[in-house]
Every structure is written in C-alpha cells, then in structure tokens.
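Asker:
There are 2 protein chains.
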Amino acid sequence: MAGTDRFSFEKLFAKNAPVGAKTSFRRPKYDFAVAYPDPDTLPLEGLANAMRTALERDGKELSYYPDYVGLLSLRELIADKLVRDRNMKITAEDVVITSGSGEAISMIIQSLTDPGDVVITEEFLYLGTLRQMRRYSADVVGVKCDDDGMIPEELEATLNRLKGEGKRVKYLYTIPTFQNPLGWTMTLKRRKSMLEIAGSHGIPIFEDDCYVDLRFGGEDVTSIHSLDDSGQVIYVGSFSKIIAPGARMGYMVAPEELTLRAMSFKGGGGTNQLAAMAIEEYLKHEMYQHIDEQNRSLIVKRDAMLASLGENFGDTAKWAIPQGGLCVWLEFPEGTDLAAVQEQSFAEGVGYYNGTQFSPEGRGANFARLCYGHPSPEMVYEGVSELARVLERHGVIKP
Amino acid sequence: MAGTDRFSFEKLFAKNAPVGAKTSFRRPKYDFAVAYPDPDTLPLEGLANAMRTALERDGKELSYYPDYVGLLSLRELIADKLVRDRNMKITAEDVVITSGSGEAISMIIQSLTDPGDVVITEEFLYLGTLRQMRRYSADVVGVKCDDDGMIPEELEATLNRLKGEGKRVKYLYTIPTFQNPLGWTMTLKRRKSMLEIAGSHGIPIFEDDCYVDLRFGGEDVTSIHSLDDSGQVIYVGSFSKIIAPGARMGYMVAPEELTLRAMSFKGGGGTNQLAAMAIEEYLKHEMYQHIDEQNRSLIVKRDAMLASLGENFGDTAKWAIPQGGLCVWLEFPEGTDLAAVQEQSFAEGVGYYNGTQFSPEGRGANFARLCYGHPSPEMVYEGVSELARVLERHGVIKP
C-alpha cells in the first residue's frame, strides 16, 4: 500500500517448505483429463435426505471435536464393506477415515519416506500419488507391466538390482484393480506372486483400491490385503468415485504400528464429520443400488468412447476395453508426441493427460489417458472426434 | 495370525515420523476441559435445509475435485465478513479455506518453522497450537501478560534478549480476542504497540481470532490485521465455534508468498466441499441471527459458572469475568497443584485442564481453565460445586 514498505516473508520460510498449488486450471469443453465421476448420477437427493436424518438423530455430536480416526459408524460401515466385498479380515478398529484417499496416501508416504528412499510402482501410475512421492523426495522406480499386471520376473529383477546397488526399498505401491492409468485388473495369480516376492524381500505392499466399485464387466478379483496374513499390506480406498470427489471421504487400513505414525501427518483434526454423517446414513441404505445405477451410466459412456475411438483412431492407436473404472489408455506409435501438444489441445477445448505425467521416468509421450466419466455420452463421442481433429491439425497424427 | 510371522514396519519408518494421536479420551460427566460450543444452539435444522438447497443448486459441482483454496462462494462470504466485522482490507482472493483453524495453524507453523526456531506467544496459549509448535520443534517463548494483553515492555525485552543470544524469531502468535485460556481481549493500544514492536524487529504477527464472534459483553476491538498496511499479519479464523467443531471449517488470510508455501502442507486436497456448501448457504442467510442466539445461550452458562464459582471458590481462587468466549481462567494461590489431581478429577467425573498444559515452560499448576460452553446451565452450576468437592477430597483446597 502507498507509503509503506511491504513486509517480506522470504527469509522466514522453513527450509523444507516448497511452493504449493494454489489455483486450479480452467476446464476445457471436452474434459478427458481428470477422472471425475458422472455428475448425473451423483446421489444429491439421497445425500440431502441422509444429511437431515443424520442431523436429527446425531447432530449434537457435532459440538465435539471429531475423533481423529473418524466417525465410528462410518468406520463400521467401511469395515463391513471391505469384509464383504474385498474379503478382508478386519474390524472398524482397523479403519481410519481420511479426507479422500489422497490424504491417506500422503500420510502413508510421509510415514515411510526419507529423502532418497526407493519406492516401487507400476510403470505408469496415478499422478497424484507420483506427485506426493516426489514431494517427499522418494526415488520412484517403475516396473514393467502387461495386461495381467506387474510382471513378476521384472519385479524380482528390479528388486535384486536395487539390492545389489545397496538401495533401500520402502514399499511397493500398486493399483491392482482398474489400474490408473493402464486400466487392467491384476490377476489373482499375479497378486499372489507379488505378495510372495515382496514378502521375501521384506517390503510392504501399498494397495490403492479406489476404483474397485466401478466394475461393469468381468469378474472381481480379491484384494491383495485378503491374501496376506502377516500384516504386510496397507490398503486405501475412497468414496470419491461412488459419492463424489467434493465429498472428500476416503479411508486407510494398516497395521496399528503404521497407523499410529501416519496419524501424526493427518491435518486439521478428524475428517469432516458433517460430511461423514451424511455419507454414512446414505450408504447404509443405498450403497449397492447406487453403485449399480452409476455403473449402468458409465458403461454407456465407455461405449460412446470406444465407438468414437474406433471411428477416429482405428488406424493410429491401440487400446484395451476397460471392464470398469473411468478411463481408456491409448497407445500411439512410438515417436508420437502427445506431450508437446497437450497444452494447446486444452486451449482448443480438448483435455487429456499424456503418458509422461504418469511415468516415474517421464516416459510415454506416445500414450494418452482419456477419462469418460464426466461428460455425457454425446460429449464423449463428439470430444474424441474433436481430439482427432486437434491432433491432426497439429500434425501429431495423419488425417 | 497362527503359523505366520508378523510383518514389522519398525525399520521402514521415516526418521521424522513421530507416533501420532489415534484415540480420544472418555468424556467426564462434567466436562469443563474442552472448549466445545453449546450443543443446544447448533443450527442443525438450518444446516439440513441449507444442504438441500445447496445440493439442488450446485450439487453437480461435487463431481469435480474441489479447488485447493476452497469453495469460492464461501471464500467470498468469509472475505465480506472479515471486511465488515474485522475491518480487514481483503477480498476472496486472499482467503484459503481449511479443515478448521487447526489445519491453517499447522500449515503456517510448518511453513515457517525449522527445528530450534524461536516463536513468541502469550505466557499461556491454546494447547492445540502449542502442541503443533512443539511437533515441529519450535522453541516456544512465552511473554508475560496482564488484563490488557501481552505487556509491550516484556515483549520488547524478550526480543532484545533473544537478539542478544543470536536466536532467530520466526513469528509472534497471539489470540488477541478472548484469549484462550486467559480470557482477556487485547486493547487497541496494545495491538498497535505489538504491531510496532514486531515490525521494528522484522517479525510477522500470527493473529488467531477464532473466538471473536462469541462476544456477549464489552466492545469489539478491531483486528490487528486491519491496523497493518505492510502485509506483516497472518490471520486465522474458524466456524468451529459458530457452526460446530465437527463441521471442520476454518480459514486463513495471509500474504500470497506465505499462502503459496502453506498450501504445500495442506492434506487431502481442497477442504470438504459438501460441508462447505451447506455452511455457506446457511451462513449467507442466518449468520448474525444465529450468533446472537448462541451468545444469549452462552451468557446464561457463563453466569451459572460465575455464580457457582462465587459460592464454591470465593475464598480460594480469583477469576475475571469473561465478556465472551467459552472459558473462565481460575487462579489459585501459588503452590496449589491442580496438575497432580487432574487425571483423578476426570475419573471422578469433573474434567478441566490445568495451567501447565497451556504454558510453553510448563508453569502454572495453580491455574485451571473451565469451559462452560457445552454443559447446560444446571450442569455448569452443579459441576463447579462438584469440582470443589473433588479438590477438597484430594486435599488440593481446604473445605
């Protein structure tokens, strides 16, 4: 302000205080970049009713500071769900509610990572997790995958190589179900061998199962957590996909010794109890019915994307048909550069993320992830065609 | 489990991963320990209605990940409120929404604290903040206060002494309005001189104003933030007291260079948008009416406490009459030990926190903070009498 010197904080910052994210980007007309769920099947009426019921019954509990581990009734609901759907042998005592699975992932990464520690991941992985791993200076090493999941021989070879180099591997992070961005679901056989290999190297498995409810084809495969009796598996899940990302509700299940450390990285006290009450009351009555409805809507969008991909990219790209989840992983010929034109494509109305953003080594400019959850089937269909036009215009693919 | 070795995480933990809080304690019959608000004036009906209205209007927005800085309409409401009530010269752009003010406080402390850095506080302060400062290994130095706030001569002397010792002071944390636990409101004169002294030493002021709305007597004093044109003041506030602690909704206002750092310590993405939508819609229409109603209820509870204190502690303790906030600060004669019997008192049904818990130096066993916000007036009245019986029974005070 006029006549006064501005105060400067520059010399006061902590040494380990990086500059964080403040603003979000503008959304393009056809937004295939972010894995948002379907806005038309959000349970808005159900949540409003549930909020009223829960407030009438338990509202006065809000006058207390929430339990750090989260609302007990929601922890019970989550434990029941994981026992039923994922064959896990747990109780509510094992569950901590977090602000989306993103908070759980961050808490676990902070608990286990000193700068330079190696973590193992699939060769491409959810960029939010990759960003958190880098934030805490992990050395992220990707392992090659095929359509069944991470390749055991590649994992074993990577671990042996790292051992030979004297490097300290802290954990193996995997998204075994509808892997993001790759789309496959790891087979039972691969899950068992991953557990065995990691176990023999004394490395815990960090299982991120946040897409598991969005299955509209194929068969469920049991959780890695359910295959382990030793306490070697950390499990995180989320309601972002079946309630809404804005509801910020996720959870973690981990051995108590780890949970106790992770809790020291939980910000802002217990997870929002107002939201937790509404979500618990809603899910208690309508969870599976809602999931069915949502998946019926998603499959139509997936099909719209597959149809338009066939028409527009049949000669230029390859993809697998996803049996669930929110995205298709496109592979263009080696040498295609989808990274260079990505920003321009956003500006011209079509958003996508290219492979380099999901790769620990920054590889994969010839891959793109297209998410179909949010736009209407018509917009999905149109948008994929529009993407082809954008890529042609910029000479990335031939018309 | 039988036949298998348990996996151990012990050797995998990050060096700076302390063991965090997992469980909360059992609440005593008469709970004067925690500054909970009045459960009977929580706006439950209003929040349920607001949730429905907001979901009907904006619900589909929940399908996106929330903006990291929080819901724009709530940021606007907060900015308007701070301009109107606290004379601050800000806009929504300056506001970041956090999961309670606790998250804001933690983010700011992390941004500004390297282990061993000195931070200045009032001689007794909110124990949640003190805990966070210690968590990041700050060297917390308390400055003597009287009924007008921190004593300027003491502040000046402390800063000069620390300067002489070559110590690095990072910020001055203050709760200027209804100081927790001391109860006073800092006078305008003191605010100005604090700003001047801190400014001349190049030290920012961290103003925690989370009790400001709970005024039922005396006159408002303008915010320290409003007295500064240089960008030297960080401000945090909360809806925990006027909506509910379980709603986990607070905010910070800071110069952008600091906010950008602080954002890197924000866990779990943007603050819960489902809760933010309900709170914004509710406050937009009923904020001041609700605050009035709440304060009319609180004054009755305060009066019940003062009456019972007079009857039960008139000869043994001293206290000031709070004009707002949620607690009375009791001073017993030097040598009285309220720390030794505190746990026993909880077990026998009367909860309070003794002074040592609020003191950077662990002083003040002859002080106790009694919160009157949560119990009914009858329970407040009874409970203070019961506290006297407990203290007599254990020989802390004479019958």
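Note that the protein sequences, when read in sequence, are chains D and F.
The numbering used here applies: residue 44 is where the first sequence begins, and numbers increase by one.
The numbering used here applies: residue 44 is where the second sequence begins, and numbers increase by one.
Quick reminder that beta carbons are idealized off the backbone N, C-alpha and C, glycines included.
Spatial neighbours of F/Met306 within its chain, please: CB distance less than 8 Å, with the 5 preceding and 5 following residues excluded, ordered by chain position.
Answerer: Excluding sequence neighbours, F/Met306 sits near Tyr111, Val112, Val139 and Met150.
Asker: According to DSSP, simplified to helix, strand and coil, what is F/Ala319?
Answerer: F/Ala319 falls in the helix class under three-state DSSP.
Asker: Is there at least one Cβ from chain F nearer than 8 Å to D/Lys58's Cβ?
Answerer: So, interface residue.
Asker: Let's test the definition: count the other Cβ atoms within 10 Å of the Cβ of F/Ser243 and tell me whether it reaches 16, buried, or not, exposed.
Answerer: Label assigned to F/Ser243: exposed.
Asker: Could you give the DSSP three-state label for F/Arg345: helix, strand or coil?
Answerer: Correct three-state label for F/Arg345: helix.
Asker: For the structure I just gave you, are there three or more beta carbon pairs, one from the segment 349-356 of chain D and one from the segment 332-352 of chain F, closer than 8 Å?
Answerer: Touching, no.
Asker: Assign D/Gly63 to one of three DSSP states: helix, strand, or coil.
Answerer: Coil at D/Gly63, not helix or strand.
Asker: Measure the C-alpha to C-alpha separation of F/Ile152 and F/Lys206 and round it to an integer number of angstroms.
Answerer: Going by the C-alpha atoms only, they are around 21 Å apart.
Asker: Taking only heavy atoms of the ligand MG into account, decide whether any of them is closer than 7 Å to the Cβ of F/Asn355.
Answerer: Among the components modelled here there is no ligand, and therefore nothing to report on the ligand MG.
Asker: Can you name the residues of chain F whose CB is closer than 7 Å to the CB of D/Leu98?
Answerer: Residues of chain F passing the Cβ test: Leu87, Leu90 and Ala91.
Asker: Answer yes or no: do D/Pro403 and D/Leu173 have a C-beta to C-beta separation smaller than 8 Å?
Answerer: Against a cut-off of 8 Å, the Cβ pair of D/Leu173 and D/Pro403 comes out as a contact.
Asker: Threshold first: 3 residues or longer. Then list the beta strand (DSSP E) segments lying entirely within the segment 146-181 of chain D, N to C.
Answerer: The qualifying runs are 161-165.
Asker: Are the segment 390-410 of chain F and the segment 159-173 of chain F in contact at 8 Å, needing three or more beta carbon pairs?
Answerer: Flag = yes, the segment 390-410 of chain F and the segment 159-173 of chain F touch.
Asker: If distances are taken between C-alpha atoms only, which option among F/Asn223, F/Thr228 and F/Ile163 comes closest to F/Asn203?
Answerer: That would be F/Ile163, whose Cα lies nearest to the Cα of F/Asn203.
Asker: For F/Tyr331, return the contacting residues in chain D, with the cut-off set at a CB-CB distance below 7 Å.
Answerer: None at all; the shortest Cβ gap to chain D is about 20 Å.
Asker: Closer than 7 Å between beta carbons: that is the criterion. Which residues of the segment 132-147 of chain D meet it against chain F?
Answerer: The residues in question are Thr141, Ser142, Gly143, Gly145 and Glu146.
Asker: What's the call for D/Val433, buried or exposed, on a 16-neighbour Cβ count within 10 Å?
Answerer: Per the 10 Å Cβ criterion, buried.
Asker: Near D/Thr359, what residues of its chain come up, given a Cβ to Cβ distance below 7 Å and the 5 sequence neighbours on each side ignored?
Answerer: Correct list, in chain order: Phe375 and Ile440.
Asker: Which residues in the same chain as F/Ala408 place their Cβ atom closer than 8 Å to its Cβ, once the five residues preceding and following it in sequence are excluded?
Answerer: Around F/Ala408: Thr379, Asp380, Leu381, Ala382, Ala383, Asn397, Gly398 and Thr399.
Asker: Counting only beta-carbon atoms, is F/Phe52 nearer than 8 Å to chain D?
Answerer: Judged by the 8 Å Cβ criterion, F/Phe52 is in contact with chain D.
Asker: Classify F/Met44: buried if its beta carbon has 16 or more other beta carbons within 10 angstroms, exposed otherwise.
Answerer: Low confidence applies here, because F/Met44 scores a pLDDT of 41, under 50, leaving its location unreliable; read the following figure in that light. Counting Cβ neighbours within 10 Å, F/Met44 comes out exposed, since fewer than 16 surround it.
Asker: Please determine, among F/Pro109, F/Ile246 and F/His328, the residue with the shortest C-alpha to C-alpha distance to D/Arg49.
Answerer: It is F/Ile246 whose Cα lies nearest to the Cα of D/Arg49.
Asker: Give the residues of chain D in contact with F/Ala321, contact being defined as C-beta atoms less than 8 Å apart.
Answerer: Per Cβ cutoff of 8 Å: Met94 and Leu317.
Asker: Can a CB atom of chain D be found closer than 8 Å to the CB of F/Ala357?
Answerer: The question names Ala, but residue 357 of chain F in the sequence shown is Gly. It does not; no Cβ of chain D falls within 8 Å.
Asker: Between F/Leu430 and F/Val371, is the Cβ-Cβ spacing less than 8 Å?
Answerer: Taking 8 Å as the Cβ cut-off, F/Leu430 and F/Val371 do not qualify as a contacting pair.
Asker: Alpha carbon to alpha carbon, how far is D/Ile342 from D/Tyr325?
Answerer: About 24 Å.
Asker: With a threshold of 8 Å, are at least 3 pairs of Cβ atoms found where one atom belongs to the segment 173-184 of chain D and the other to the segment 316-334 of chain D?
Answerer: No, the segment 173-184 of chain D does not touch the segment 316-334 of chain D.
Asker: Identify which residue in D/Ile286, D/Phe282, D/Pro219 and D/Val296 has its Cα closest to the Cα of D/Ala135.
Answerer: Out of D/Ile286, D/Phe282, D/Pro219 and D/Val296, D/Val296 has the C-alpha closest to the C-alpha of D/Ala135.
Asker: How many Å lie between D/Lys235 and D/Val255 at the Cα?
Answerer: Their backbone Cα atoms lie some 18 Å apart in a straight line.
Asker: Taking 8 Å as the cut-off, decide whether the C-beta atoms of F/Met292 and F/Ile322 are in contact.
Answerer: For F/Met292 and F/Ile322, yes; Cβs fall inside 8 Å.
Asker: Given a limit of 7 Å on CB to CB distance, which residues of the segment 152-170 of chain D reach chain F?
Answerer: If the cut-off is 7 Å between Cβ atoms, the segment 152-170 of chain D has Gln153, Ser154, Leu155, Thr156 and Asp157 near chain F.
Asker: Looking at the C-beta of D/Met193, does it have a partner C-beta in chain F at a distance below 8 Å?
Answerer: It does not; no Cβ of chain F falls within 8 Å.
Asker: Return the chain-ordered list of same chain residues with a C-beta closer than 7 Å to the C-beta of D/Leu270, the five sequence neighbours on each side being excluded.
Answerer: Around D/Leu270: Arg234, Lys235 and Leu238.
Asker: For a test of the three-state rule: what should DSSP assign to F/Phe389, helix, strand or coil?
Answerer: Three-state DSSP puts F/Phe389 in a helix.
Asker: Could you have a look at F/Ile133 and say whether DSSP puts it in helix, strand or coil?
Answerer: Three-state DSSP puts F/Ile133 in coil, outside helix and strand.
Asker: What does the Cβ neighbour count give for D/Glu262, buried or exposed, with the cut at 16 atoms within 10 Å?
Answerer: Label assigned to D/Glu262: exposed.
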